[in-house]
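J.:
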Amino acid sequence: MHVLVAVMGGAAAAIGCAAKATYLYVKKRIKKKKMGETSNGEWLPEHRSFSLSEIKAATRNFSEALVVGVGRRGKVFRGVVDGGTAVAIKRADPSPGRSAREFRAEIEALSNLRHRHLVPLLGFCSDREETILVYRYMPRGTLREHLRGESGKPVMPWWRRLDACMGAARGLHCLHAGGVVHGDVKATTVLLDENWVAKLSDFGLSNSKHATMKSDVYSLGVVLFEALMARPALPPGDQAVGLAEHGLECHRNGTLPDAVDAVIKDQVAPECLEKFAETAVECLAHEGTERPAMGDVLWNLELSMQLQLINHKRT
1 MHVLVAVMGG
11 AAAAIGCAAK
21 ATYLYVKKRI
31 KKKKMGETSN
41 GEWLPEHRSF
51 SLSEIKAATR
61 NFSEALVVGV
71 GRRGKVFRGV
81 VDGGTAVAIK
91 RADPSPGRSA
101 REFRAEIEAL
111 SNLRHRHLVP
121 LLGFCSDREE
131 TILVYRYMPR
141 GTLREHLRGE
151 SGKPVMPWWR
161 RLDACMGAAR
171 GLHCLHAGGV
181 VHGDVKATTV
191 LLDENWVAKL
201 SDFGLSNSKH
211 ATMKSDVYSL
221 GVVLFEALMA
231 RPALPPGDQA
241 VGLAEHGLEC
251 HRNGTLPDAV
261 DAVIKDQVAP
271 ECLEKFAETA
281 VECLAHEGTE
291 RPAMGDVLWN
301 LELSMQLQLI
311 NHKRT
């Protein structure tokens, strides 16, 4: 019965996300007509348009002291707008090939994506060479901080780590259903709100021409092993073995149970570990065509949670 619930839950999530994306798109097209278009066919999305001066005031002129994240496509600053609302401000690196029209098209696409496991987009700023997105701030920080107790954060128990991985997969599934590639999935772009709900951040403004949905699946596989082992994805040192390679080797050799983070080792049900590891390995297939679709990844993670709940007391 529990497994059946997992299956039905995954299917319902897939149908619901696709239907919601379609509904929001149609709704936005209707609203677009009501709002009216300019003579050249451009329009303003419903999200707030911040001026560059507002963004600079919110971030103290992009102070390095307010940087809360650095990705391959730019920096994320913590800021305050409207006298007290905490926000995360993503300032993209310069992209000479990006036009204002392309940026607006991307904002429109992002506006259609509303999901429990995506960090809400609040607004944007487009000023000459600046392309900036403004998101709601997530107070509990990143998944990575809670895997190793960084920045004074409490270490997460296994069931909460698994729940966060499921949340990230649900968010990715919604992005992919809307035709959007994340392009930078990692434990630092999985954020946690005040209720420990995992939400994907740093989507949008992708400058990578090589990112695909299948590369997103691979990246999530790395996150799965990081949640299980609490090891960095790319350890320091030129000779260090990356987490993906290490996880695959442990799975091949049958030594994965010994590689589980010592903090949670006694919390992981063997049946759950087997299914969870199998899912991570499938995500890390060398050829993109051999990797599962995100809907299948989500189904397997939901099954992993069911196996955990059936076979082990939640700790």
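With full-length UniProt numbering applied, the sequence shown covers 1 to 315.
Where a beta carbon is used, it is the ideal one built from N, C-alpha and C, also for glycine.
For clarity, every value in this text was computed on a predicted model and none was experimentally measured.
(1) Can you find at least 3 beta carbon pairs, one from the region 151 to 158 and one from the region 168 to 184, that sit closer than 8 Å?
(2) Could you give the C-beta distance for Ala-86 and Thr-131, rounded to a whole number, given that I count them as a contact under 8 Å?
(3) Name, in chain order, the residues that DSSP records as bridge partners for Ala-164.
(4) Can you name the start and end residues of the beta strand (DSSP E) that Ser-126 belongs to?
(5) Using the Cα positions of Val-260 and Ala-88, report the straight-line distance between them to the nearest angstrom.
(6) Check the DSSP bridge columns for Ala-92 and list the partner residues they point to.
(7) Starting from Gly-190 and walking both ways along the beta strand (DSSP E), at which residues does that stretch end?
(8) May I ask you to verify whether the region 133 to 145 touches the region 73 to 87, counting CB pairs closer than 8 Å and requiring at least 3?
(9) Measure the CB-CB distance between His-117 and Lys-186 and report whether it falls below 7 Å.
(10) Thinking just about the alpha-carbon of each residue, which of Phe-103, Cys-165, Ala-227 is nearest to the one in Gly-149?
(11) Would a C-beta distance cut-off of 7 Å place Val-197 and Ala-168 closer than the cut-off?
(12) Where does Val-81 fall in DSSP's three states?
(13) In terms of residue numbering, what span does the beta strand (DSSP E) encompassing Leu-118 cover?
(14) Among Arg-291, Phe-103, Pro-270, whose alpha-carbon lies nearest the alpha-carbon of Tyr-218?
(15) At what residues does the beta strand (DSSP E) containing Leu-200 begin and finish?
(16) For Asn-300, which residues in the same chain have their Cβ closer than 6 Å to its Cβ, ignoring the five residues on either side in sequence?
(17) What does a CB cutoff of less than 8 Å around Val-76 pick up in its chain, not counting 5 residues either side in sequence?
(18) Note down the Cα distance separating Ala-164 from Glu-194, rounded to an integer number of angstroms.
(19) What span of residues does the alpha helix (DSSP H) with Leu-52 cover, start to end?
(20) Three-state secondary structure (DSSP) at Tyr-218?
(21) Can you check DSSP and say which residues form a bridge with Leu-133?
T.: Put simply:
(1) The region 151 to 158 makes no contact with the region 168 to 184; the number of CB pairs closer than 8 Å stays below 3.
(2) About 22 Å separates the two Cβ atoms, so there is no contact after all.
(3) Bridge partners of Ala-164: none, in fact.
(4) 121 to 127
(5) 33 Å
(6) Ala-92 pairs with Gly-74.
(7) According to the sequence provided, residue 190 is Val. The question's Gly does not apply to it. First-last of the beta strand (DSSP E) with Val-190: 190 to 192.
(8) Yes, since at least three Cβ pairs between the region 133 to 145 and the region 73 to 87 fall closer than 8 Å, the two stretches touch.
(9) no
(10) Ala-227
(11) No, they are not a contact pair.
(12) strand
(13) No beta strand (DSSP E) holds Leu-118; DSSP gives it neither H nor E.
(14) Arg-291
(15) 198 to 200
(16) Cβ within range, chain order: Thr-279.
(17) Here the set comprises Val-67, Val-68, Gly-69, Val-70, Ala-88, Ile-89, Lys-90, Arg-91, Ser-201, Asp-202.
(18) 13 Å
(19) 52 to 58
(20) helix
(21) Lys-90, Phe-124
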